[in-house]
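Residue numbers (my numbering): 345 to 763. Step one of this worksheet: look at the structure below.
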Amino acid sequence: MLDVTILRNDPERAKELLSRKNIDPKTVDKFMRLDTDWRQKIATLEGLQGEQNTLTKEIGIAQNKDELLTKAQILKKRIAEISEDRDALEKKRNEALNRLPNLPFEDVTQGKDENENKVIREVGKRPEFDFEPKDYLTIAESLQLINTEVAAKVSGSRFGYLMNEGALLEFALLRLALDTVLPHGFTPVIPPIMIRPKIYEGIGRLAADQKEERYYIEKDDVYLVGSAEHTLIPLHVGETLDEKYLPKRYVGFSTCFRREAGSYGKDTRGILRVHQFDKVEFISFVKPEDSENEHRFLLSMQETLMQKLELPYRVVENCTGDMGWTDARQFDVEAWFPSQNKYRETHSCSNTTDFQSRGIGTKYKTRDGKKGLVHTLNATAFSQRPILAILENFQTKKGTVKLPKILSEYLGKSEIVPK
RNA sequence: GGAAGGUUGGCAGAGUGGUCGAAUGCGCCGCACUUGAAAUGCGGUAUGCCGAAAGGCAUCGGAGGUUCGAAUCCUCCACCUUCCGCCA
Numbered sequence: 345m346l347d348v349t350i351l352r353n354d355p356e357r358a359k360e361l362l363s364r365k366n367i368d369p370k371t372v373d374k375f376m377r378l379d380t381d382w383r384q385k386i387a388t389l390e391g392l393q394g395e396q397n398t399l400t401k402e403i404g405i406a407q408n409k410d411e412l413l414t415k416a417q418i419l420k421k422r423i424a425e426i427s428e429d430r431d432a433l434e435k436k437r438n439e440a441l442n443r444l445p446n447l448p449f450e451d452v453t454q455g456k457d458e459n460e461n462k463v464i465r466e467v468g469k470r471p472e473f474d475f476e477p478k479d480y481l482t483i484a485e486s487l488q489l490i491n492t493e494v495a496a497k498v499s500g501s502r503f504g505y506l507m508n509e510g511a512l513l514e515f516a517l518l519r520l521a522l523d524t525v526l527p528h529g530f531t532p533v534i535p536p537i538m539i540r541p542k543i544y545e546g547i548g549r550l551a552a553d554q555k556e557e558r559y560y561i562e563k564d565d566v567y568l569v570g571s572a573e574h575t576l577i578p579l580h581v582g583e584t585l586d587e588k589y590l591p592k593r594y595v596g597f598s599t600c601f602r603r604e605a606g607s608y609g610k611d612t613r614g615i616l617r618v619h620q621f622d623k624v625e626f627i628s629f630v631k632p633e634d635s636e637n638e639h640r641f642l643l644s645m646q647e648t649l650m651q652k653l654e655l656p657y658r659v660v661e662n663c664t665g666d667m668g669w670t671d672a673r674q675f676d677v678e679a680w681f682p683s684q685n686k687y688r689e690t691h692s693c694s695n696t697t698d699f700q701s702r703g704i705g706t707k708y709k710t711r712d713g714k715k716g717l718v719h720t721l722n723a724t725a726f727s728q729r730p731i732l733a734i735l736e737n738f739q740t741k742k743g744t745v746k747l748p749k750i751l752s753e754y755l756g757k758s759e760i761v762p763k
């Protein structure tokens, strides 16, 4: 959640920054009104509670209690009423706060949507084909790597079976990611994939625009995570970390569940956009002054991984209108998809500053005893999407796929051929 | 799924209706002593919210309830431990 003192101290600046993220400034006004009312109500309530506390002590030592007891009973009733008002206001206030995403940094490229993202660099050579390149699904189906038809019958739309080398490639990417990054001080983790509502709210992933995206299991009051990030970030819930242990880095593997509500028309074919996929994810906890550097570090990890796969890619800085809810700055890495003749997102890399740590109480303390909220960052290491990019970029005229050198080591073969 | 016992500050652990935000010990921080360290002594040491501040309010796993007043009594829930059942 956002720092309310920023909103209180300079609401105009907050409005301006949030409008860059396509948030209506009236949302801030609404919060401010509720916040003021709520605070007034608290002042009233606490005054009465103070009176009650004094009175209660007097009753404890009084000889003749009758008169005091009558007074206390009246007071009790008033406190109950005002406390109800306070609860109602508090709920509304918190809902209003929940409708405000993290502020973008001042210097983030401004724009309305993904078309205005800023390309930072393009890396790698795009393949040249002396034939019409096929799309990944056509290739995958002919090599028996992906089956979406049966998946549709068994599980519904936007599911797929990864099979044969398709399955092996996922394990290879997982292993490659770990082998590459573990020397940089990441702790490997396999986290839970179910998460309680309270924690989920705390990390800002059940906010107004996100809730519809989550799978919820009512009977047990838990959500399925949309990313390993979601249960990794709360790994230090309620903890104050000594600064000497920062940065704290984790790399986690989990299945990710997404309802893909509101993306009905998009990428319906194949498995570029599915309800369930696996992903390896980076997480960092850092001191505030280090988060921009850590952000670039995580991006460099992602680029190293892409370069190992010999995939042509580009790095973009997401413009304000295309940034994630929790993000103050976001980079995406996009792989080249020859059949679409464009780059498609395979990785994202976010600095969420203290937006998530505030909600779960993850702090740090310095040597001289100062405390503050840590900054958290999250970034994709590998999801399943790079497999699709590999199929397209390394396809051959005869319908096989020549594997990048590093993956042929993991798979024990250099080419995927028809069965 | 069934049964029993638990959940108190960084940790251990007292506390069964008012004087308890909470004894005591350990840990940690500061000071003294010391050439330095250890030991010892003295002092300090939970969090959140509201408030310009003074200060106030809240918090003893969570949510309700009883009461003028709840760490303490009642109800429900979560979690932990052990046992039975089931199970990869």
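Yeah, the Cβ is synthetic: ideal placement off N, Cα and C, and Gly gets one too.
- Non-local beta-carbon contacts of Q554 in its own chain, meaning distances under 7 angstroms to residues more than five positions away in sequence, involve W669 in chain order.
- The DSSP-derived three-state label of G394 is helix.
- Under the three-state reduction of DSSP output, H691 falls in the strand class.
- Its chain contains P448, V452, Q454, T664, G665 as the residues whose beta carbon lies nearer than 8 angstroms to that of R364, once the 5 sequence neighbours on both sides are disregarded; these appear in chain order.
- For Q674, DSSP records a beta bridge to S694.
- Distance from L346 to L433 at the Cβ level is roughly 18 angstroms; contact not present, criterion being Cβ atoms closer than 8 angstroms.
- With a contact defined as Cβ atoms closer than 8 angstroms, C693 and Q620 miss out at about 23 angstroms.
- In this chain, V498 is not harboured by any beta strand (DSSP E); it is covered by the alpha helix (DSSP H) spanning 493-498.
- Counting every other CB atom within 10 Å of its CB across the protein chains shown gives Q739 a total of 16 or more, marking it as buried.
- Counted as a single uninterrupted DSSP element, the stretch harbouring G510 is not any beta strand (DSSP E) but the alpha helix (DSSP H) occupying residues 509-525.
- One Cα belongs to Y505, the other to L489, and the distance between them is close to 8 angstroms.
- Per DSSP, the beta bridge partners of V463 are V660.
- When C-beta atoms of the segment 569-581 are compared with those of the segment 714-726, three or more pairs fall below 8 angstroms, so the two segments count as touching.
- By the C-beta density criterion, S758 is exposed, having fewer than 16 other C-beta atoms within 10 angstroms.
- Taking C-beta separations shorter than 6 angstroms and ignoring five residues to either side along the sequence, the partners of L517 in its chain run F726, following chain order.
- Rounded to whole angstroms, the Cβ separation of L419 and Q396 is 5 angstroms, and the two are in contact under 8 angstroms.
- Looking at the DSSP output, H580 sits in no beta bridge, so it has no partner there.
- Distances from the CA of K631 to each of N695, G609, V618 were compared; the closest alpha carbon is that of N695.
- F597 carries a strand assignment under DSSP once its states are collapsed to helix, strand and coil.
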